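Data first, discussion second: the structure below is written as structure tokens.
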Amino acid sequence: MDTSWIDLRNGDPAYYSCCLKFMELAKETLVEGKTRCPCNKCKSNKWHFVEEVEGHILLNGFLKKYRNWVFHRKVNEGRNIFETPSGLGNAVCQDDIGELLRAAFGVDNSDSHNESQDMPEDEVFYDMHEEFDFHCEVDNEFPSSNSGEEDAKCKRLMEAADEVLYEGCTTFSKLSFILHLFHLKCMFHWSEESFTKLLELLIDAFPQIKEFPSSYYERKKIVNDLGLGYEKIDACPNNLILYCGVFADKDECHVCHTSRWKTVKEKEDNKSEKGKKICKKGEPAKVMRYFPLIPRLKRLYMSSKTAKDMGWHFEHEDDKILRHRSDGEAWKSFDKRYVEFAEDPRSVRLGLASDGFNPYRLMNTNYSTWPVILIPYNLPPWLCMKPSSYILSLLIPGKHSPGMDIDVYLQPLIHELKLLWEGVPAFDAHSGNKFKLRATLHSTINDIPAYAMLSGWSTRGYKACPTYAHNTNSYWFGGRMCYPGHRKWLPIDHPYRSQAQPKKISKKRKRLQGGNSHDEPDDDDGGEEEANVIWKKKSLLFELEYWKHNPLRHNLDVMHIEKNVCDNVIGTLLDMDKSRDDKQARQALKDKNIKSHLWPQSDPNRVNDHLPPAE
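Residue numbers (full-length UniProt numbering): 1 to 615.
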């Protein structure tokens with residue numbers, strides 16, 4: 001079917017008729033009555049019923065870059081095997097295996113391979129064999145700086161990437177086919193036993209496959225060489241220590257003496273221990289997942305395309321418009337202070353984001369898991385904030401938030417960041433040279449509660465502002481904490497200043513150097529009040545040498561906070577049960593002897609005091 005009609009305007013009769021023809025074609029790909037919606041709003045990422053898809057296309061227009069229709073039986077008459085709607089895995093699992101086998105064993109291989117080269121970037125299958133330039137790692141001009149084990153892994157990967165799946169196959173290599181199967185296993189939650197049976201069936205049905213792994217264990221050995229696994233680290237249930245390093249062999253926390261292992265009830269047949277709880281060794285009570293950072297940063301430079309994009313921040317023209325982190329003052333200030341680091345455009349700047357979420361999607365279940373995600377700011381703005389560019393670093397288990405003890409879980413990440421500040425050997429596939437890979441943690445992104453956890457300064461109470469610390473203007477009023485004194489930020493001739501009390505309006509208080517609670521006071525013009533500041537807790541992030549002088553470290557997620565504030569304001573206005581304008585607040589006005597027209601008024605005919613309406 002011709003796709004030129006996509007460029008027509010929405011109201012054109014030809015556009016409408018071709019849209020109906022496309023919908024007839026899309027009906028062949030229905031899964032439980034739904035198909036992907038290729039309108040400009042959904043962008044083939046959402047599944048809707050056919051009638052809804054037709055309305056979306058006519059209303060929002062057809063996605064212009066979507067011309068190969070990989071999700072609607074146009075390219076190789078098949079769908080993308082990597083994408084499926086949530087909850088529809090069992091319905092499409094057999095079709096996905098069929099698509100994979102047809103692509104691998106000779107059904108229009110050449111046509112599908114050629115067409116895939118012209119597909120838009122967002123719609124092309126992710127081909128590990130094509131994306132990673134494994135052959136570039138061999139460079140006789142430069143001596144290898146990797147260990148013997150790493151060289152052996154690299155050699156095995158290159159052999160698997162260059163080895164064809166069977167004689168005459170041009171679509172898959174041995175490595176890429178194994179990775180495709182593994183992706184299906186993860187996506188549809190296959191058991192290890194079922195995956196092993198599938199491998200055995202493939203070997204029996206297609207004897208032309210050369211030396212294919214016959215079990216899940218053998219396949220896992222090949223994939224593990226990619227170096228993108230994770231480590232399980234046992235943790236104290238009270239978030240006090242990690243069982244690694246010198247504590248790796250301990251069975252209990254030396255701080256709180258809580259057992260490392262799960263506590264279970266003894267079996268009933270043991271009469272002497274009946275009813276008692278014992279520690280079942282071998283099942284840790286709490287496990288953190290840590291995803292090593294250095295291999296993942298190295299992997300960014302294994303692809304020549306990604307390696308080129310990592311230098312965008314250095315090459316783009318500075319037109320005095322703030323569109324990327326590199327245009328900001330914090331980035332430029334860091335470059336001036338650490339010239340050697342900034343001279344190499346391959347030096348990585350990372351952002352750290354963390355927040356808690358409930359993985360069970362049940363509002364009545366109290367569970368909070370905290371992922372820690374790193375963002376490579378070297379990439380251009382249209383890539384660095386894409387989910388595909390995020391680097392998952394830590395997965396901190398619940399049931400409750402780690403709070404200020406999040407530093408305990410950050411220890412392995414901080415250790416790698418220290419190594420990356422000194423530099424580790426890596427290979428740049430774009431230039432074909434080995435280089436010293438360095439990285440720095442530029443800043444963090446979080447909401448206010450996570451701000452307190454990462455900065456080490458409580459955002460509650462009298463001294464809640466991490467920027468001004470003990471200079472925070474606050475007092476207890478009406479059963480809640482209030483932070484007054486905002487008029488001092490207004491211009492000296494602003495009319496709102498005349499509405500203040502007759503007493504003198506306070507001047508702007510001194511902001512601590514660098515805009516963070518852990519900066520040392522400025523000795524040149526710091527007052528006596530600043531000199532006596534006592535910090536509540538020193539965050540582990542401040543062990544990084546360059547954070548002592550970085551002017552921008554903790555960033556607040558404005559959209560997140562704005563949403564929460566808006567929800568609270570609207571909830572207060574519309575739901576009087578949640579209103580903060582209660583008797584306690586009015587009594588506080590009376591105690592302060594201000595705004596007498598709002599004081600609570602007693603009435604013998606009323607049970608409760610009358611609260612005059614606030615204007």
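Idealized CB from N, CA, C, for every residue including glycine. These figures come from a predicted structure and were not determined experimentally.
Residue i to residue j, Cα distance in whole Å?
{"i": "LEU420", "j": "PHE477", "result": "48 Å"}
{"i": "THR444", "j": "LEU556", "result": "8 Å"}
{"i": "VAL607", "j": "ASN568", "result": "29 Å"}
{"i": "TRP382", "j": "SER539", "result": "32 Å"}
{"i": "CYS186", "j": "ILE321", "result": "43 Å"}
{"i": "ASN446", "j": "THR459", "result": "13 Å"}
{"i": "ALA14", "j": "THR306", "result": "41 Å"}
{"i": "ASP318", "j": "MET559", "result": "27 Å"}
{"i": "ASN114", "j": "ARG260", "result": "A caution first: ASN114 carries a pLDDT of 39, below 50, which makes its placement in the model too unreliable to give a value."}
{"i": "ASP12", "j": "LYS21", "result": "15 Å"}
{"i": "LEU410", "j": "VAL264", "result": "29 Å"}
{"i": "GLY282", "j": "ASP251", "result": "10 Å"}
{"i": "PHE195", "j": "SER389", "result": "29 Å"}
{"i": "GLU51", "j": "ASN45", "result": "17 Å"}
{"i": "GLU562", "j": "GLU163", "result": "54 Å"}
{"i": "TYR301", "j": "PHE314", "result": "16 Å"}
{"i": "PRO604", "j": "PRO612", "result": "16 Å"}
{"i": "TRP457", "j": "HIS415", "result": "22 Å"}
{"i": "LYS592", "j": "GLN601", "result": "16 Å"}
{"i": "SER596", "j": "GLN584", "result": "15 Å"}
{"i": "LYS43", "j": "VAL53", "result": "11 Å"}
{"i": "PHE188", "j": "LEU199", "result": "16 Å"}
Leaving aside the five residues before and after residue i along the sequence, list all residues of the same chain whose C-beta is less than 6 Å from its C-beta, in chain order.
{"i": "CYS19", "result": "ILE57"}
{"i": "PHE134", "result": "The predicted model places PHE134 with a pLDDT of 35, which falls under 50 and marks its position as unreliable; any figure quoted below should be read in that light. Around PHE134: LEU157, MET158, ALA161."}
{"i": "ARG325", "result": "TRP331, TYR377"}
{"i": "CYS253", "result": "CYS236, LEU240, ILE241"}
{"i": "MET128", "result": "Its pLDDT being 34, under 50, MET128 is placed unreliably by the model, and the measurement read from it follows with that caveat. Closer than 6 Å at the Cβ level, and outside the excluded window around MET128, lie SER176, LEU179."}
For residue i, which residues from the same chain have a beta carbon less than 7 Å from its beta carbon, with the 5 sequence-adjacent residues on both sides left out?
{"i": "residue 616", "result": "Only positions 1 to 615 of the chain appear in this structure, which leaves residue 616 out of reach."}
{"i": "ASN40", "result": "ASN60, GLY61, LEU63"}
{"i": "TRP599", "result": "ARG586, LEU589, LYS590"}
{"i": "ALA450", "result": "SER354, ASP355"}
{"i": "GLY106", "result": "Note that GLY106 has pLDDT 48, beneath the 50 cutoff, so the model's placement of it is unreliable and no number is given."}
{"i": "GLY33", "result": "PHE49"}
{"i": "THR258", "result": "CYS236, PRO237, ASN238, GLU252"}
If we count the other Cβ atoms within 10 Å of its Cβ and call it buried at 16 or more, is residue i buried or exposed?
{"i": "MET453", "result": "buried"}
{"i": "MET481", "result": "exposed"}
{"i": "ASP249", "result": "exposed"}
{"i": "TYR496", "result": "exposed"}
{"i": "HIS494", "result": "exposed"}
{"i": "ARG323", "result": "exposed"}
{"i": "SER455", "result": "buried"}
{"i": "ASP407", "result": "buried"}
{"i": "ALA469", "result": "buried"}
{"i": "CYS384", "result": "buried"}
{"i": "CYS256", "result": "exposed"}
{"i": "THR170", "result": "exposed"}
{"i": "LYS174", "result": "buried"}
{"i": "ARG219", "result": "buried"}
Beta-carbon within less than 8 Å of residue i's beta-carbon, same chain only, minus the 5 sequence neighbours each way: which residues are those?
{"i": "VAL287", "result": "LYS232, ILE233, ASP234, ALA235, PRO397"}
{"i": "LEU413", "result": "TYR290, LEU293, VAL372, SER393, LEU394"}
{"i": "SER368", "result": "GLY356, PHE357, ASN358, GLY398, LYS399, HIS400, SER401"}
{"i": "residue 700", "result": "The structure shown has nothing for residue 700, since the chain only spans 1 to 615."}
{"i": "VAL223", "result": "ILE178, LEU179, PHE182"}
{"i": "HIS316", "result": "HIS324, SER326, PRO380"}
The ligand FMN and residue i: does any heavy atom of the ligand fall closer than 6 Å to the residue's C-beta?
{"i": "HIS415", "result": "Absence of the ligand FMN from the depicted structure is noted, as is the absence of any ligand whatsoever, leaving it without description."}
Inset, instruction - Specify whether the stretch 280 to 295 and the stretch 228 to 247 touch according to this definition: at least 3 beta carbon pairs, one from each stretch, less than 8 Å apart. - result: The stretch 228 to 247 and the stretch 280 to 295 touch, with three or more beta-carbon pairs separated by less than 8 Å.
Legend entry - Inter-stretch contact at 8 Å, needing at least 3 Cβ pairs: the stretch 396 to 407 / the stretch 327 to 338: No contact exists between the stretch 396 to 407 and the stretch 327 to 338.
Inset, instruction - Could you name each continuous beta strand (DSSP E) segment of 3 residues or more that falls completely within the stretch 414 to 492, going from the start of the chain to the end? - result: 424 to 428, 433 to 437, 439 to 446, 475 to 477, 480 to 482
Inset, instruction - Taking only runs that begin and end inside the stretch 308 to 369, name each unbroken alpha helix (DSSP H) of 4 or more residues, in chain order. - result: 312 to 315, 329 to 337, 339 to 343
Legend entry - At least 3 beta-carbon pairs within less than 8 Å: the stretch 343 to 358 vs the stretch 305 to 313: yes
Legend entry - Ranges of the beta strand (DSSP E) found wholly within the stretch 204 to 259, counting only runs of at least 3: 231 to 234
Inset, instruction - Within the UniProt domain "Transposase-associated" (4 to 72), note down every full beta strand (DSSP E) run reaching 3 residues or more, in order along the chain. - result: 34 to 36, 47 to 49
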